[in-house]
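One structure below.
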Amino acid sequence: MAALIEAAVGAGTSPSRLVVAGANRRMVTQLARRHEASTAGVDGVGFAGAADAGLQLIAALERSAPGDRIVVAIVGDGLELVELTVTERIADWSDSRPPLSDWLTRRTSALYADVLTWRGFLERQLPRRPEPQAPAGPPSLRSVGWKFGLRGGRCEHCGAVHAPAEARCRGCGSSDPQTPHEFTAPATIVTMTVDHLAFSPAPPTTVAVVDLGEGARAAFELADTNPTELSIGDVVEPTFRRLFTAGGVHDYFWKMRPPRFAAATDNRGAA
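In structure tokens, the structure reads:
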């Protein structure tokens, strides 16, 4: 495999960055040591499975400059090689996204038993009040804008905003169809509660009433946080997650979590 890499990058030359990804850590280490190029490991992250090569490539790009050559070697039953040349657009790419280190600092720990349960390797009796029902297609289709796009409705007569869109306006009572409305204001917590009996794949269930802006409010589960770390008025952001599995069918909807990057909001005010 080392000979294949040398044939790909050119005899007697080395790339600026070498990404070596694979579950066979011995082979990965040998290939990385054989070449003098700087390897692009991700600090604090072990083998990430299918995402390993992508994570290392991002780390390599963050350390690169225009003109650098990056070789990605994915080691499995065989060997897959990709050679890239960094262009002047690397500066625009770096400015358009938070660094990988910011994403890694937002990681949260999980119990091993919980991970096995989420992956379907361990069956545990979870809180079941009420017993979850398998999701059906027709209701999902009727509320597709809200369920998959988190879009509300605006009354054409009085301008009241609803989350989700409703058949009858709560402001003026109009029954005319409402215009789809995109929520752009920062979402904030109005009130919240912790339920140890309601069904959840990650009990206890923390539910918050969230103000989406312009008077529209709705209840969401909270994710990626300890409820003791949140307070009324804190800013949260939506994330599309699995709610439950019933009858072998997964049901997905929006949950709320603390902002991924603290720099985007001040945690108690507008963005």
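Read in order, the letters of the sequence shown are residues 44 to 314 in the working numbering.
No residue lacks a Cβ here, since even glycine has one placed at the ideal position from N, Cα and C.
**Prompt:** By DSSP, does Ala230 sit in helix, in strand, or in coil?
**Reply:** Counting from one through the sequence shown, the residue named residue 230 turns up at place 187. In this structure, DSSP gives Ala230 an extended state, which the three-state scheme calls strand.
**Prompt:** Does DSSP classify Gly196 as helix, strand or coil?
**Reply:** Taking the sequence shown and counting its residues from 1, the one referred to as residue 196 is at position 153. Correct three-state label for Gly196: strand.
**Asked** In the DSSP assignment, what residue or residues form a beta bridge with Val237?
**Response** Locating residue 237 in the sequence shown gives position 194, counting from the first residue. Note: Val237 sits in a beta bridge opposite Thr249.
**Prompt:** Assuming Met168 contacts Arg197 under a Cβ cut-off of 8 Å, what Cβ separation, rounded to an integer in Å, is found between them?
**Reply:** Position 125 of the sequence shown holds residue 168. Position 154 of the sequence shown holds residue 197. Per the sequence shown, residue 168 should be read as Gln rather than Met. Between the beta-carbon of Gln168 and that of Arg197 there is about 44 Å, and that puts the pair past the 8 Å contact cut.
**Message:** For Thr160, report the span of its beta strand (DSSP E) as first-last.
**Reply:** Here residue 160 refers to the residue found at position 117 when the sequence shown is read from its first residue. Where Thr160 is concerned, there is no enclosing beta strand (DSSP E), although the alpha helix (DSSP H) it sits in stretches over 155-161.
**Prompt:** Alpha carbon to alpha carbon, how far is Thr148 from Pro175?
**Reply:** Taking the first residue of the sequence shown as 1, we reach residue 148 at position 105. Taking the first residue of the sequence shown as 1, we reach residue 175 at position 132. Each residue's alpha carbon lies about 34 Å from the other.
**Request:** Quick one: give me the first and last residue of the alpha helix (DSSP H) that Glu280 is part of.
**Result:** On the sequence shown, residue 280 is found 237 positions in, with the first residue counted as 1. Counting along the chain, Glu280 falls outside any alpha helix (DSSP H), though it belongs to the beta strand (DSSP E) covering 278-289.
**Message:** Please state the DSSP three-state secondary structure of Pro223.
**Reply:** As a position in the sequence shown, residue 223 is number 180, starting the count at 1. In the structure shown, the three-state DSSP call for Pro223 is strand.
**Item:** Segment contact, 8 Å Cβ cut-off, at least three pairs: the segment 242-249 with the segment 125-134
**Value:** With the cut-off at 8 Å, the segment 242-249 and the segment 125-134 do not touch.
**Request:** Compare the Cα-Cα distances from Gly188 to each of His205, Met70, Ala177, Pro229 and report the closest residue.
**Result:** The residue you call residue 188 lines up with position 145 of the sequence shown. The shortest Cα separation from Gly188 among His205, Met70, Ala177, Pro229 belongs to His205.
**Prompt:** For Ala80, is the classification buried or exposed, using 16 other Cβ atoms within 10 angstroms of its Cβ as the cut-off for buried?
**Reply:** Taking the first residue of the sequence shown as position 1, residue 80 is located at position 37. With a pLDDT of only 49 at Ala80, under the threshold of 50, the placement of this residue in the model should not be trusted; the figure read from the coordinates follows. That one is buried.
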